[in-house]
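Below you'll find the structure, written out as structure tokens, and then a few comments.
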Amino acid sequence: MVYKWLFFAHCQLFPSRCLACGAPCGHEDWCVPCRDRLPWITDNRCPRCAAHHTGHGLCGQCQTHLPAFTICVPALAYHPPVNQYIKALKYCGQLLYGRLCGELLAEAIQTHFDRASATRPECLIPVPLHPYRLCRRGFNQALEIAKPVARRFGLPIDYRCLKRIRATRAQAHLALKERAGNVKGAFLVHQQPSYKRVALIDDVMTTGHTANEIARCLNRAGVEEIEVWVVARADKK
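With our numbering, the residue at position 85 of the sequence shown is 114, and numbering never jumps.
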């Protein structure tokens, strides 16, 4: 009780500033107008891979090559300011944005559960980094994003079962046709999972090749349902 009163007093005396416009916003990270202006995904999407899709049913890509994962649930489009938040996390080490992105993702997942009456996964698996890149960066951005999601839904995080065994080039620097080959054979199930339903956590999804390669590995290890939860869905270029 004392902590709650102290926290309330702190918020009144030293209100947080909106990350977007700088206006006082209590103990929130954004003011209401700026939060509403975030690029939330509200347009038509493929029910499997969440690519922009104006028709009904699966997009052409999923009809031709059905992904190994069951669904992709993105929170936002990879547009400003979300792309800037993700870059600040990954390349500038600003871990605050890991929490912020994770909380935004958790909101989208809650909506997903409410709308679809979806069965919750048994655990969260953050997309792993290669040990060399993890050593250079000092943290795994997918794990930082997964932490607020795990707290929100009371789910465990398994960051040991899956390993990245090959140092791949950054997908963002490759042409679309090069991305599938870049991640082929890059992952290994290191510890046999005991669960059948998981959610894979990542920051951005563009082509879905990374998620699909991981889902194949997990399928071979006995995992039956793999959902992909991402902060942002980028358009294919």
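Heads up, the beta-carbon is just placed ideally off N, CA and C, and yes, glycines get one too. Keep in mind it's a predicted model, so treat the numbers as computed, not measured.
When the options are compared against residue i, the one with the closest alpha-carbon
i: THR197; options: ILE186, ASN211 and LEU191; result: ASN211
i: CYS121; options: ASN169, ALA106, GLY89 and THR93; result: ASN169
i: ILE230; options: GLU136, VAL156 and TRP69; result: VAL156
i: ARG162; options: VAL259, LYS192, ALA104 and CYS91; result: LYS192
i: LYS225; options: ARG249, TYR188 and LYS116; result: ARG249
i: TRP69; options: LEU105, GLY51, CYS54 and CYS91; result: LEU105
i: PRO220; options: GLU242, ILE154, ILE174 and VAL178; result: The amino acid at residue 220 is misidentified as Pro; the sequence shows Gln. Per the Cα distances, ILE154.
i: LEU67; options: CYS190, LEU124, ASN112 and PRO177; result: ASN112
i: PRO222; options: CYS91, TYR188, ASP58 and ARG46; result: TYR188
i: PHE142; options: GLN92, GLN123, PRO103 and TYR107; result: PRO103
i: HIS108; options: PRO160, GLU242 and MET234; result: MET234
i: GLY167; options: ARG144, ALA204, LEU124 and ALA175; result: LEU124
C-beta atoms of residue i and residue j nearer than 8 Å
i: VAL227; j: ILE186; result: no
i: PRO261; j: ASP232; result: Residue 261 is actually Ala in this sequence, not Pro. It is a contact, given that the beta carbons lie within the stated cut-off.
i: LEU184; j: VAL218; result: no
i: THR236; j: LYS213; result: no
i: ARG181; j: ALA135; result: yes
i: ARG245; j: ALA215; result: no
i: CYS88; j: HIS82; result: yes
i: PRO110; j: ALA171; result: no
Buried or exposed by the 16-neighbour rule on C-beta atoms within 10 Å, applied to residue i
i: TYR126; result: buried
i: VAL252; result: buried
i: LYS119; result: buried
i: THR239; result: buried
i: LEU158; result: buried
i: HIS56; result: exposed
i: VAL259; result: buried
i: VAL257; result: buried
i: VAL61; result: exposed
i: ARG165; result: exposed
i: ALA199; result: exposed
First through last residue of the alpha helix (DSSP H) which encompasses residue i
i: CYS91; result: 89-93
i: PRO155; result: Segment 152-155 is the beta strand (DSSP E) holding PRO155; no alpha helix (DSSP H) there.
Terminal residues of the beta strand (DSSP E) in which residue i lies
i: VAL252; result: Counting along the chain, VAL252 falls outside any beta strand (DSSP E), and DSSP gives it neither H nor E.
i: PRO103; result: 100-106
Practice task
Spell out a yes or no on whether the segment 145-161 and the segment 114-134 are touching, meaning 3 or more CB-CB pairs, one atom from each, closer than 8 Å.
Solution key: No: fewer than three Cβ pairs fall under 8 Å.
Handout entry: Meets three-Cβ-pair contact criterion under 8 Å: the segment 72-83 and the segment 95-105
Key = Yes, they touch.
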